[in-house]
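> Before we start, here is the structure in question, set down as structure tokens.
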Amino acid sequence: MTKEEVAAHLELIGTLMELRGDDAFRTKAYHGAARTIEQLEGDFDTLIATGKLAKVRGIGETLREVILSLAKTGTADVLEELRAVTPPGLIAMLRIPGLGPKKVRALNTSLGIDSLETLRVACIGGKVAGLKGFGEKTQQKILDGLTFIESVGERVRIDQSLPLGLMLLERIRALPGVLRAELCGSLRRRRETSKDIDLLVAAEDSAPIMQAFCTLPEVRHIVGQGETKSSIVAEWVTHGHRITLGADLRVVKPDQFASALVHFTGSKEHNIRLRQLATDRGWKLNEYELAGPNSRVACETEADLYAALGLDWIAPELREDTGEIEAATQHALPKLVEASDIRGVFHNHTTYSDGVNTLEEMALAAKALGFEYLGIGDHSQSLTVARGLSPERVRHQIAEIDRLNQQLDGFRILKGIECDILKNGDLDYDDDLLAELDYVVISVHTYFDLPIEEQTARICKALRHPATTMLGHATGRLLLRRDGYKVNLDEVLQTAAEHRKMIEINAQPSRLDLDWIYVKRAKALGIPLVINPDAHSTDELALFRYGVNVARRGWLTPQNVFNTLPLPAILQSLRIPA
DNA sequence: GCCGTTTTCGGCCCGACTGTTTTCAGTCG
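In UniProt numbering, the protein residues as written are 1 to 578.
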């Protein structure tokens, strides 16, 4: 089993234990281990072989055995035992808002409910309301929840949730009495997907703000409304897509805003570490204050609060408890790359292949964005569905780029290609043609189902090709739609490092591939990353910002990102005559 | 199930809201 599969199975064991009614701290250990394994840096197989697993925080003797068993055999005794006593449909029931393991277990043992369908029938028949601990309202809430999970996916992509979140934020900031307001949660941390939108407001009087929030035009229904916290489901139509997403609003007093902002930005794991730091000093930390036994620490900003705990301010993107607390203690946090550091982008498409704008239109749009250069990477010949370029068309495009570069003042179009990696790891053009180009992006678009060893070998072979400059969308994943192809990324990164190749952060919000966890790993190996929008239109050039988010989550500084270099340095690095 | 300069047992982050209770359990973040 791969690292990801082991993590997913640990998660499953934890959930099944919850449904069985196991001790909460025991189940938490499994959930914690799942997360730890998922974010492990370094090669998983090596880690297992060298027995280093035992040194990882949160993994003791029992979990080590379970992980080894999962990795080797694909299952574990504890998992099989749990599966034998738990109907698989119970897990689906946990997705209903308001239903947790205890209630699901009660429904199963008392009424024999074991699926969403039997649950619906029992609710309609009024059987659930009669159960101890349940009632009419709970029964109705379950029915609403069943409808809700049919209409809403679990998570949405950041390009859908962030605009909706920012729009709600603007509406809230415009309300009278709102002193400060921010987006919080996974959106503020710029995670690639979100489950809901978290909003925080500072105000003296919360009631009118709650009232206004719950009656915003985007509100489809109100999940809960209290004095300081309300939850709604918002619906919004943009670019022809209907987006339905939950949104929570918290209102606090102005002097509570900094601690509340930290609290609601999370992540949960980051907050737990902060509270432990507070506890170590005999203080307590919650959303309202950082306080000692006799007095509270005045915090106007987040930085004040972090400083009181002996930490430098930590950018929201880093707050995942993957080393940022330690780095902040030692004043060793990286100065993260920003969108304004990006001087140009590679890997973009034009009407030559499957783009919708011409070469010239793309160049002018890139220049208007403030870029110094635009790299073109249309598809190569074998990808016929995307109108991949024949060698003649490539040379035609090269000639047109030369002409346009004569006209464009202070701006340069770079001649690249998104070259398919063929099934055997060869590139899609002969060496002579590849040598005429300024750079080569290599990508997998075919044979997604190869065995992991073959896929890895294929990509590594293409990476070793002297003409190769950078690897595009390393796993081919489509967020919330399709897993990437099976590939040993640690080996791919190792090969890239050895042969001094770059790796792309594909900034398409549906991809965000390389994942930030591996971005961090690539940085550790000294591999330059390149943030590319993979734009198929002029509008899509601006998507590079989503790639910057990934880079920041991966701890990258401007020095780690190739396209923060100005044009002269790019030309020199790629050995292009000025 | 994990962990340890309060160390091999007894802790483990903390509070809001809801619904079903009559003082609290469950869920959520």
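Positions of the beta carbon are idealized from the N, C-alpha and C atoms, including for glycine. Bear in mind that the values here come from a model prediction, so they are computed numbers and not experimental data.
By how many angstroms is the C-alpha of Arg296 removed from the C-alpha of Ala365?
Along the first sequence, read from residue 1 onward, the residue named residue 365 stands at position 365. Along the first sequence, read from residue 1 onward, the residue named residue 296 stands at position 296. Rounded to whole angstroms, Ala365 to Arg296 spans 52 Å at the Cα level.
> Scan the region 396-430 and note each continuous beta strand (DSSP E) run of 3 residues or more that stays entirely inside, going in chain order.
Within the region 396-430, the complete beta strand (DSSP E) runs of at least 3 residues are 412-415 and 418-420.
> What does Tyr373 pair with, by DSSP beta-bridge criteria?
Locating residue 373 in the first sequence gives position 373, counting from the first residue. Tyr373 pairs with Gly344 and Arg412.
> When DSSP labels each residue in this structure, what does Leu471 get in the three-state scheme?
Counting from one through the first sequence, the residue named residue 471 turns up at place 471. DSSP places Leu471 in strand when its eight states are reduced to three.
> Taking only the alpha-carbon atoms, compute the straight-line gap between Cys214 and Leu245 and give it to the nearest angstrom.
Your numbering for residue 214 matches position 214 in the first sequence. Your numbering for residue 245 matches position 245 in the first sequence. For Cys214 and Leu245, the distance between alpha carbons rounds to 14 Å.
> Using alpha carbons as the reference points, say which of Arg521, His473, Gly526 and Glu392 lies closest to Asn506.
Sequence index remark: in the first sequence, residue 506 carries index 506 (1-based). Comparing Cα-Cα distances from Asn506 to each of Arg521, His473, Gly526 and Glu392, the minimum goes to His473.
> Mark Leu333 as exposed unless 16 or more other C-beta atoms lie within 10 angstroms of its C-beta, in which case mark it buried.
Counting from 1 along the first sequence, the entry for residue 333 is found at position 333. That one is buried.
> Alpha carbons only, please: which of Gly323, Ala328, Leu389 and Ser382 is nearest the one belonging to Tyr352?
Here residue 352 refers to the residue found at position 352 when the first sequence is read from its first residue. It is Leu389.
> Helix, strand or coil for Leu478 per DSSP?
In the first sequence, residue 478 corresponds to position 478, counting from 1. The three-state reading of DSSP puts Leu478 in strand, counting E and B together.
> Less than 6 Å between C-beta atoms, sequence neighbours within five positions excluded: which residues of the same chain meet that for Tyr439?
Looking up residue 439 in the first sequence gives position 439. Within the same chain, Tyr439 has close Cβ partners Gly416, Thr469 and Leu574.
> Are Lys486 and Gln508 close, meaning C-beta to C-beta below 8 Å?
Locating residue 486 in the first sequence gives position 486, where the first residue counts as 1. Locating residue 508 in the first sequence gives position 508, where the first residue counts as 1. Against a cut-off of 8 Å, the Cβ pair of Gln508 and Lys486 comes out as no contact.
> Looking at the structure shown, is Arg180 part of a helix, part of a strand, or coil, going by DSSP?
In the first sequence, residue 180 corresponds to position 180, counting from 1. In the structure shown, Arg180 falls within a strand segment according to DSSP collapsed to helix, strand and coil.
> Less than 8 Å between the beta carbons of residue 579 and Gly554, yes or no?
The question about residue 579 has no answer, for the chain in this structure spans 1 to 578.
> Name the DSSP beta bridge partners of Asp196, please?
Position 196 of the first sequence, counted from the start, is the residue given in the question as residue 196. DSSP output for Asp196 lists Gly246 as bridge partner(s).
> Can the beta-carbon of Leu489 be found less than 8 Å from the beta-carbon of Tyr518?
On the first sequence, residue 489 is found 489 positions in, with the first residue counted as 1. On the first sequence, residue 518 is found 518 positions in, with the first residue counted as 1. Yes, they are a contact pair.
> Between the region 14-28 and the region 85-98, are three or more C-beta pairs nearer than 8 Å?
Short answer: they touch.
> If you draw a straight line from the alpha carbon of Leu556 to that of His379, how long is it in whole angstroms?
As a position in the first sequence, residue 556 is number 556, starting the count at 1. As a position in the first sequence, residue 379 is number 379, starting the count at 1. Each residue's alpha carbon lies about 29 Å from the other.
> Decide if the region 19-27 is in contact with the region 55-74; the criterion is three or more beta carbon pairs, one per stretch, under 8 Å apart.
no
> From which residue to which residue does the alpha helix (DSSP H) around Leu571 run?
Counting from 1 along the first sequence, the entry for residue 571 is found at position 571. Unbroken alpha helix (DSSP H) run through Leu571: Leu567 to Ser573.
> Taking the alpha-carbon of Lys268 as reference, which of Pro391, Cys184 and Ala258 has the nearest alpha-carbon?
Translated into positions along the first sequence, residue 268 becomes position 268. Closest option to Lys268, judged by alpha-carbon separation, among Pro391, Cys184 and Ala258: Cys184.
> Please identify the residue among Pro101, Ala203 and Ile243 whose C-alpha is closest to the C-alpha of residue 617.
A query on residue 617 cannot be resolved here, the shown segment of the chain reaching from 1 to 578 and no further.
> Since Ala234 is in the beta strand (DSSP E), which residue starts that stretch and which ends it?
For this step, residue 234 is matched to residue 234 along the first sequence. Lys229 to Thr238 is the extent of the beta strand (DSSP E) around Ala234.
> Quick check on the DSSP output: the alpha helix (DSSP H) that includes Ser110 runs from which residue to which?
Here residue 110 is taken as the residue at index 110 of the first sequence, counted from 1. Counting along the chain, the alpha helix (DSSP H) containing Ser110 begins and ends at Pro101 to Leu111.
> Taking the C-alpha atoms as reference points, what is the distance between Gly145 and Arg275?
Sequence index remark: in the first sequence, residue 145 carries index 145 (1-based). Sequence index remark: in the first sequence, residue 275 carries index 275 (1-based). The straight-line gap from Cα to Cα measures roughly 33 Å.
> Just tell me which of Arg403, Asp321 and Val78 has its CA closest to the CA of Glu38.
As a first step, residue 38 must be located in the first sequence, where it is residue number 38. For Glu38, the closest alpha carbon among the candidates Arg403, Asp321 and Val78 is that of Asp321.
> Hey, could you find the ends of the beta strand (DSSP E) Leu529 is sitting in?
Counting from one through the first sequence, the residue named residue 529 turns up at place 529. Per DSSP, Leu529 belongs to the beta strand (DSSP E) from Leu529 to Asn532.
> For the beta strand (DSSP E) containing Glu504, name the first residue and the last one.
Translated into the one-based positions of the first sequence, residue 504 becomes position 504. Its beta strand (DSSP E) spans residues Met502 to Asn506.
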